[in-house]
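Heads up: the protein sequence lines correspond to chains E and B, in order. Here the first sequence stands for residues 889 to 1017, where the numbers follow the numbering used here. Here the second sequence stands for residues 889 to 1017, where the numbers follow the numbering used here. Here's the structure we're looking at; comments come further down.
Number of protein chains: 2
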Amino acid sequence: MTIKEVCEKFDITPDTLRYYERVGVIPEVHRTKGGIRDFTDEDVAWVENAICMRSAGVPVEMLIEYVRLYQEGDGTFQARRDVLEEARQEVQKNIEKYQATLDRLNFKISRYDVAIKTGVLSWDDCKEE
Amino acid sequence: MTIKEVCEKFDITPDTLRYYERVGVIPEVHRTKGGIRDFTDEDVAWVENAICMRSAGVPVEMLIEYVRLYQEGDGTFQARRDVLEEARQEVQKNIEKYQATLDRLNFKISRYDVAIKTGVLSWDDCKEE
DNA sequence: TATTGACTTGGAGTTAACTCCAAGTTGTAG
DNA sequence: CTACAACTTGGAGTTAACTCCAAGTCAATA
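Structure below.
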């Protein structure tokens, strides 16, 4: 699979993919004799994983560490689990924060729905608009 | 309320607060005769709101736009609602992405739990570690 | 085989959101 | 009144994560 195809599949740019490989967010990608990237299914799976993790704000640094441990071999199961667990807690915490913000937004929007109808923004117990 | 007290209340730095005021993430803060910030309850409420929104990744740009509309007065209810709605959709979308990543992390972690016990990382139907 | 378009690299540039700094001002404690 | 810590400003610097660029290489087509 060419870099272009992978980029289309995941809707990212070649620059981002090359950057991911360069810094180690994904392991080195398989190449043709000429040196051109030719993604195997496993390469693609790494890309998919990286994009999923990044989309939830897992830092590049953490993904690099995970790949590094992976390449070190079977002695790093626990260390890899630890990295994943740290990521998990971060993501979990963020979901909670995001949910709180979503609630606040829903409340504010509902106040504006009333305001748009009545021409007056109710104050209730909240101080700011 | 001094800048220090507000910072302690929300666990942020004075630099961040001053930056928020400077770029318009919050409206201009009340001052003493000497020109030193003296946050009213309303100022603090704006800070709280900004921090909540930022903690869910709502861009500074969007908060600035909201404050700008707020200062324009009662003719901007609909426009303000639109900004909030856009933010809401972003946050909602992110929660979904984050949840998908959380699921993936949980799956990977459970595989590592097995691997740590058995010494072998099961491959099942997934290609990457 | 010549052209053309996609690929390669190393390195520089960009963006959002802070974060830090220097130089000066305010206000409180002694 | 004098220290002196905490405040002020405008502007420069930092960080993470890309994003762009120039100069060169590869490969499919005419």
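We treat Cβ as the ideally placed atom computed from N, Cα and C, and that holds for glycine.
- The residue among E:LEU972, E:GLU909, E:ARG906 and E:LEU990 with its C-alpha nearest the C-alpha of ASN982 of chain B is E:LEU990.
- By the criterion of at least three beta-carbon pairs nearer than 8 Å, the segment 964 to 971 of chain B is not in contact with the segment 911 to 930 of chain E.
- In terms of CA proximity to LEU957 of chain B, B:VAL913 leads the group B:HIS918, B:VAL913 and B:TYR986.
- At least one C-beta of chain B is nearer than 7 Å to the C-beta of GLU1017 of chain E.
- According to the DSSP assignment, TRP934 of chain B belongs to the alpha helix (DSSP H) that extends over 929 to 943.
- DSSP places LEU990 of chain E in the uninterrupted alpha helix (DSSP H) bounded by 965 to 1006.
- The criterion of a C-beta distance shorter than 7 Å is satisfied by LEU972 of chain B and LEU993 of chain E.
- Chain-ordered, the chain E residues with CB closer than 9 Å to the CB of SER943 of chain B read ASN982, LYS985, TYR986, ALA988 and THR989.
- By DSSP's assignment, ARG956 of chain B forms no beta bridge with any residue.
- Here ILE939 of chain E is buried: its Cβ has 16 or more other Cβ atoms, across all protein chains shown, within 10 Å.
- Excluding five sequence positions before and after ASP899 of chain E, none of the CB atoms of its chain fall closer than 7 Å to its own CB.
- For THR904 of chain B, the enclosing alpha helix (DSSP H) has its first and last residue at 902 to 911.
- Excluding its 5 nearest sequence neighbours in each direction, GLU953 of chain E has C-beta neighbours in its own chain below 6 Å: VAL971, listed in chain order.
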